[in-house]
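Top to bottom, those sequences are chains A and B. Going by this note's numbering, the first sequence opens with residue 164, and the numbers climb by one from there. Going by this note's numbering, the second sequence opens with residue 164, and the numbers climb by one from there. Think of the CB as a built atom: it goes at the ideal place given N, C-alpha and C, for glycine as much as any other residue. The structure under discussion appears below in the form of structure tokens.
Number of protein chains: 2
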Amino acid sequence: MTEPARSTSTAGPRPMNDDEAAAWQRLIAVVELLPPVLDAQLLRDAKLTHFEYMTLMALASAPGEAMRMTALAASTNATLPRLSHVVRRLEERGLVERFPCPEDRRATNARITPEGLALLDAAAPGHHDTVRSTVLDALSAEQLDQLYAIAGSLLERLDPDGRLTATACHPAKALDPAP
Amino acid sequence: MTEPARSTSTAGPRPMNDDEAAAWQRLIAVVELLPPVLDAQLLRDAKLTHFEYMTLMALASAPGEAMRMTALAASTNATLPRLSHVVRRLEERGLVERFPCPEDRRATNARITPEGLALLDAAAPGHHDTVRSTVLDALSAEQLDQLYAIAGSLLERLDPDGRLTATACHPAKALDPAP
DNA sequence: CGGCAATAGTTGACGCAACAAGTAAATGGG
DNA sequence: CCCATTTACTTGTTGCGTCAACTATTGCCG
Chain A
164 MTEPARSTST AGPRPMNDDE AAAWQRLIAV VELLPPVLDA QLLRDAKLTH
214 FEYMTLMALA SAPGEAMRMT ALAASTNATL PRLSHVVRRL EERGLVERFP
264 CPEDRRATNA RITPEGLALL DAAAPGHHDT VRSTVLDALS AEQLDQLYAI
314 AGSLLERLDP DGRLTATACH PAKALDPAP
Chain B
164 MTEPARSTST AGPRPMNDDE AAAWQRLIAV VELLPPVLDA QLLRDAKLTH
214 FEYMTLMALA SAPGEAMRMT ALAASTNATL PRLSHVVRRL EERGLVERFP
264 CPEDRRATNA RITPEGLALL DAAAPGHHDT VRSTVLDALS AEQLDQLYAI
314 AGSLLERLDP DGRLTATACH PAKALDPAP
């Protein structure tokens, strides 16, 4: 019996039991392995990283197909410097364009171009195929619901403001089934 | 094109229904948000990335507290060049040491030093605390089981050889099913 | 036993993300 | 109305991971 030193100092709770350690280990493995799979397919087929794909998707689904840099950064979980570099590279490829925000001259708007939309259309089927074959097809309908709930619980802590989950679908309503 | 055309892979199986899209979106959010949280805590408290932490943990739990580079790379999901760089940096900090493998003079063994073990001991409580507060405490016992099963299903596709999940727990049983 | 392919690992160059500092415009207080 | 502060974004530097190339050793096959 390892006596958990739940003394006064760091309040360190026991070093995980077997169930917890096993689930944690698997979660870490998924978190390490999934992004490279997504990047590899998108880079191969559309010369886009998954982050660039998400950025273009966010723009494509925005009203006017344009967003302010800060809003785009929030919805893609990027720092502003990171987004600035990414958008510059996308602009150099003609996939987005930047123009000053008329209402606030400090701000910059990014808009997806027809070429960007075309690339997105071309990339979407292959990406969906990858998502299906690596994730969705591996889960039962029940597990899909469970995953939704589990990830929701985790995001309450990882993303309390719901920046990542809210904007991409509906601007206003988030999670509450409130009337 | 490289896809074995067992189904109409280019014909794009429907673009995900709402349930699938919602679960996928949340999974992506977790996958994006979790690693930075782990890295931030470990970098702050032990000047270690989460990958370096896993590397040291793998060594600490290996017989003789040493492993060959290739085996270590497999169990941490690293390419050999990446691991080589990481181990060099850890060696410069005195946390591991490298020595030639006596049996195969091409090979290099990495061993964790007492300093490395001490750092691991010092870092573990804080790390466990982070894992608890960001993940484990957010889930019910039932959800933990579900997560274990879901991640297991995904890993069958992401990691068919079980490289990431196998070694850390059971040292021996890798290739041979019982005689 | 000579030679050629395969294996194990290291090294250097390039790309991307994080951090820090800088610019420019909007706010706010005296 | 002016100057300080905050906000919005860009730019340069550093560090890490990947890719490609290289060295060294082993194993194989005639």
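Compute the Euclidean distance between the alpha carbons of residue i and residue j, then round it to the nearest angstrom.
{"i": "residue 189 of chain A", "j": "residue 313 of chain B", "result": "9 Å"}
{"i": "residue 173 of chain A", "j": "residue 287 of chain B", "result": "Confidence is the limiting factor: at residue 173 of chain A the pLDDT is only 47, short of 50, which leaves the residue's position unreliable, though a coordinate-based value still follows. Roughly 12 Å separates the two Cα atoms."}
{"i": "residue 241 of chain B", "j": "residue 182 of chain A", "result": "26 Å"}
{"i": "residue 296 of chain B", "j": "residue 285 of chain A", "result": "41 Å"}
{"i": "residue 301 of chain A", "j": "residue 264 of chain A", "result": "44 Å"}
{"i": "residue 289 of chain B", "j": "residue 253 of chain A", "result": "40 Å"}
{"i": "residue 219 of chain B", "j": "residue 262 of chain B", "result": "16 Å"}
{"i": "residue 194 of chain A", "j": "residue 197 of chain B", "result": "8 Å"}
{"i": "residue 208 of chain A", "j": "residue 201 of chain A", "result": "11 Å"}
{"i": "residue 187 of chain B", "j": "residue 294 of chain B", "result": "22 Å"}
{"i": "residue 238 of chain A", "j": "residue 224 of chain A", "result": "12 Å"}
{"i": "residue 323 of chain A", "j": "residue 199 of chain B", "result": "15 Å"}
{"i": "residue 215 of chain A", "j": "residue 205 of chain A", "result": "10 Å"}
{"i": "residue 180 of chain A", "j": "residue 272 of chain A", "result": "49 Å"}
{"i": "residue 309 of chain A", "j": "residue 309 of chain B", "result": "7 Å"}
{"i": "residue 325 of chain B", "j": "residue 191 of chain A", "result": "13 Å"}
{"i": "residue 165 of chain A", "j": "residue 231 of chain A", "result": "Residue placement at residue 165 of chain A cannot be trusted, given a pLDDT of 41 that sits under 50; the coordinates are not used to answer."}
{"i": "residue 299 of chain B", "j": "residue 318 of chain B", "result": "20 Å"}
{"i": "residue 251 of chain B", "j": "residue 260 of chain A", "result": "43 Å"}
{"i": "residue 210 of chain A", "j": "residue 276 of chain A", "result": "16 Å"}
{"i": "residue 255 of chain B", "j": "residue 279 of chain B", "result": "12 Å"}
{"i": "residue 229 of chain A", "j": "residue 217 of chain A", "result": "14 Å"}
{"i": "residue 235 of chain B", "j": "residue 246 of chain B", "result": "8 Å"}
{"i": "residue 306 of chain A", "j": "residue 321 of chain B", "result": "17 Å"}
{"i": "residue 311 of chain B", "j": "residue 213 of chain A", "result": "26 Å"}
{"i": "residue 185 of chain B", "j": "residue 316 of chain A", "result": "14 Å"}
State the CB to CB distance for the pair residue i and residue j, rounded to an integer number of angstroms; the pair is presumed to be in contact (CB under 8 Å).
{"i": "residue 222 of chain A", "j": "residue 274 of chain A", "result": "7 Å"}
{"i": "residue 243 of chain A", "j": "residue 258 of chain A", "result": "Not a contact, Cβ separation roughly 19 Å."}
{"i": "residue 178 of chain A", "j": "residue 248 of chain B", "result": "Actually they are not in contact, since the Cβ atoms of residue 178 of chain A and residue 248 of chain B sit about 30 Å apart, beyond 8 Å."}
Using the rule of at least 16 other Cβ atoms within 10 Å of the residue's Cβ for burial, across every protein chain shown, is residue i buried or exposed?
{"i": "residue 303 of chain A", "result": "exposed"}
{"i": "residue 328 of chain A", "result": "buried"}
{"i": "residue 233 of chain A", "result": "exposed"}
{"i": "residue 203 of chain A", "result": "exposed"}
{"i": "residue 267 of chain B", "result": "exposed"}
{"i": "residue 227 of chain A", "result": "exposed"}
When you compare the CB of residue i with every CB in chain B, is at least one pair closer than 8 Å?
{"i": "residue 249 of chain A", "result": "no"}
{"i": "residue 219 of chain A", "result": "no"}
{"i": "residue 215 of chain A", "result": "no"}
{"i": "residue 323 of chain A", "result": "no"}
{"i": "residue 225 of chain A", "result": "no"}
{"i": "residue 263 of chain A", "result": "no"}
{"i": "residue 315 of chain A", "result": "yes"}
{"i": "residue 232 of chain A", "result": "no"}
{"i": "residue 259 of chain A", "result": "no"}
{"i": "residue 222 of chain A", "result": "no"}
{"i": "residue 235 of chain A", "result": "no"}
{"i": "residue 178 of chain A", "result": "yes"}
{"i": "residue 245 of chain A", "result": "no"}
{"i": "residue 309 of chain A", "result": "yes"}
{"i": "residue 203 of chain A", "result": "no"}
{"i": "residue 271 of chain A", "result": "no"}
{"i": "residue 287 of chain A", "result": "yes"}
So with Cβ pairs under 8 Å, would you call residue i a contact of chain A?
{"i": "residue 207 of chain B", "result": "no"}
{"i": "residue 242 of chain B", "result": "no"}
{"i": "residue 275 of chain B", "result": "no"}
{"i": "residue 268 of chain B", "result": "no"}
{"i": "residue 212 of chain B", "result": "no"}
{"i": "residue 293 of chain B", "result": "no"}
{"i": "residue 188 of chain B", "result": "yes"}
{"i": "residue 320 of chain B", "result": "yes"}
{"i": "residue 183 of chain B", "result": "yes"}
{"i": "residue 298 of chain B", "result": "yes"}
{"i": "residue 161 of chain B", "result": "There is simply no residue 161 of chain B to check, as chain B begins at 164 and stops at 342 in what is shown."}
{"i": "residue 302 of chain B", "result": "yes"}
{"i": "residue 280 of chain B", "result": "no"}
{"i": "residue 283 of chain B", "result": "no"}
Could I get the ranges of all uninterrupted alpha helix (DSSP H) runs contained in the stretch 172-211 of chain B, with 4 residues as the minimum, in chain order? Listed in chain order, they are 181-209.
Every unbroken beta strand (DSSP E) inside the stretch 209-279 of chain A [3 residues or more]: Complete beta strand (DSSP E) runs here, min 3: 229-231, 259-263 and 271-275.
Which runs of the beta strand (DSSP E) at least 3 residues long sit entirely within the stretch 293-329 of chain B? Give them in chain order. The DSSP assignment places no complete beta strand (DSSP E) segment of no fewer than 3 residues inside the stretch 293-329 of chain B.
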